[in-house]
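In what follows, a structure is listed as structure tokens, so that the remarks can point back to it.
Chains as they are written, first to last, in the working numbering: chain E, 2 to 228; chain F, 3 to 128.
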């Protein structure tokens, strides 16, 4: 029973120490985690100049956190750390995270900017190619319009030619008819001239009989008149 | 947000009772500068592209201002330092997001143009 009481007392006495030791271990592990994160980021970034300042800042903050941690330990480093120190360490390791986030963001921005440059160049090239096709398409449309117009004109010309041929044929016929009539008129004039002048008192005798045969016309004149 | 503000107020009051003394001019100036920077960034694209970071920075600034009111120099310094870095992160994130968005737009544009080109390259049906 006595030994149980002693153990219970020891546990009660050790509990706050354990709790504070936990806080100390937590702070220590936060610093270690921050260090590991910085090293991992440095390795990942291959010590790029772009994030050199961020890495330097992060390392400086880790140093500050280590200093705070070391300066606030009692009993030659074996004792606990105050809650204020723990909060300070937490604050500083948070800052380390932020410096790394900043570095990562810078790297991502540069990567995205490079991709953007590449994409912009590709877009410009493809756009130029598309423009060539669009220009050709527009030109083709114009040519099609001209061609359609031309075809319409050709049809119209052909129609006019056909009309012209018809009119020429009609004209030719009319001319032939006119020629035949002229010949007939000339012949009739000649016939009339051959006949002696009839007296005015005997019109019946002067008029030719209905049954009397018509003097023969030249064959060409007769044919033309028929036509 | 109201809960957070309440917590901040409570924190500041407790800090005020725990600490005391004068706030240095340097810290007060830093808080003012951070506040001005915050206002400037909040009115621009940074607020649009990095809202989360800006909200976090706003909270830190509030805590810094509260600590300044209670003359808690150490806490004010910590919070203003945090605010400054959070604002820088917000700016960087906003710039990154802006470029990323432009990349996405260009990628879509390229895809569209390539499809258009593909159509032109195909032989006409009639």
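Backbone N, C-alpha and C fix where the C-beta goes; we use that ideal spot for every residue, glycine too.
From a predicted model like this one, the values you see are computed outputs, not experimental measurements.
Please confirm if residue 114/E has its CB atom under 7 Å from at least one CB of chain F. yes
Enumerate in chain order the residues of its own chain whose CB-to-CB distance from residue 151/E is below 6 Å, with the five nearest sequence positions on each side excluded. none
Closer than 7 Å between beta carbons: that is the criterion. Which residues of the stretch 94-123 of chain F meet it against chain E? 94, 95, 97, 98, 101, 102, 104, 105, 108, 109, 111, 112, 115, 116, 118, 119 and 122
Name, going along the chain, the residues of the stretch 126-157 of chain E whose beta-carbon falls closer than 7 Å to a beta-carbon of chain F. 127, 128, 130, 131 and 134
Rounded to whole angstroms, what's the CA-CA distance from residue 107/E to residue 145/E? Just pull it up for me. 55 Å
Comparing C-alpha positions only, which one of 139/E, 63/E, 49/E and 100/E sits nearest to residue 28/E? 63/E
Under 8 Å, CB to CB, which of the residues in the stretch 81-94 of chain F have a partner in chain E? 83, 84, 87, 88, 90, 91 and 94
For residue 73/E, which three-state DSSP category applies? coil
Whole angstroms is fine: what's the gap from residue 51/F's alpha carbon to residue 96/F's? 5 Å
N-terminal and C-terminal residue of the alpha helix (DSSP H) that residue 178/E is part of: 84-195
Does the pairing of the stretch 82-94 of chain E with the stretch 131-138 of chain E give three or more beta-carbon distances under 8 Å? no
Can you tell me whether residue 38/F is buried or exposed, with buried defined as 16 or more other CB within 10 angstroms of its CB? exposed
Which residues in chain F sit within 8 Å of residue 124/E, going by Cβ to Cβ distance? 108, 111, 112 and 115
Nearest to residue 67/E (by Cα), restricted to the options 141/E, 50/E, 34/E and 48/E: 34/E
Closer than 8 Å, Cβ to Cβ, to anything on chain F: give me those residues from the stretch 95-107 of chain E, in chain order. 95, 96, 99, 100, 102, 103, 106 and 107
Hey, is the stretch 46-63 of chain F in contact with the stretch 93-108 of chain F, meaning 3+ C-beta pairs nearer than 8 Å? yes
Let me confirm a value: residue 104/E is counted as buried when at least 16 other C-beta atoms fall within 10 Å, else exposed. Which label applies? buried
Stretch-stretch touch, CB-based, cutoff 8 Å, three pairs: the stretch 85-100 of chain E with the stretch 78-96 of chain F: yes
Could you confirm whether any beta carbon from chain F is found closer than 7 Å to the beta carbon of residue 166/E? no
Flag residue 19/F as yes if its beta-carbon sits less than 7 Å from any beta-carbon of chain E, otherwise no. In this prediction, residue 19/F scores a pLDDT of 46, lower than 50, which makes its location untrustworthy; no coordinate-derived value is stated.
Does the contact criterion of 3 or more C-beta pairs under 8 Å hold for the stretch 101-119 of chain F versus the stretch 59-74 of chain F? no
Are the stretch 49-64 of chain E and the stretch 118-127 of chain E in contact at 8 Å, needing three or more beta carbon pairs? no
Flag residue 262/E as yes if its beta-carbon sits less than 7 Å from any beta-carbon of chain F, otherwise no. Residue 262/E falls outside the range modelled here, since chain E spans only 2 to 228, and no answer is possible.
Strictly below 7 Å CB to CB, what residues from chain F border residue 173/E? Simply none; closest approach about 46 Å.
State yes or no: is the beta carbon of residue 109/E nearer than 7 Å to at least one beta carbon in chain F? yes
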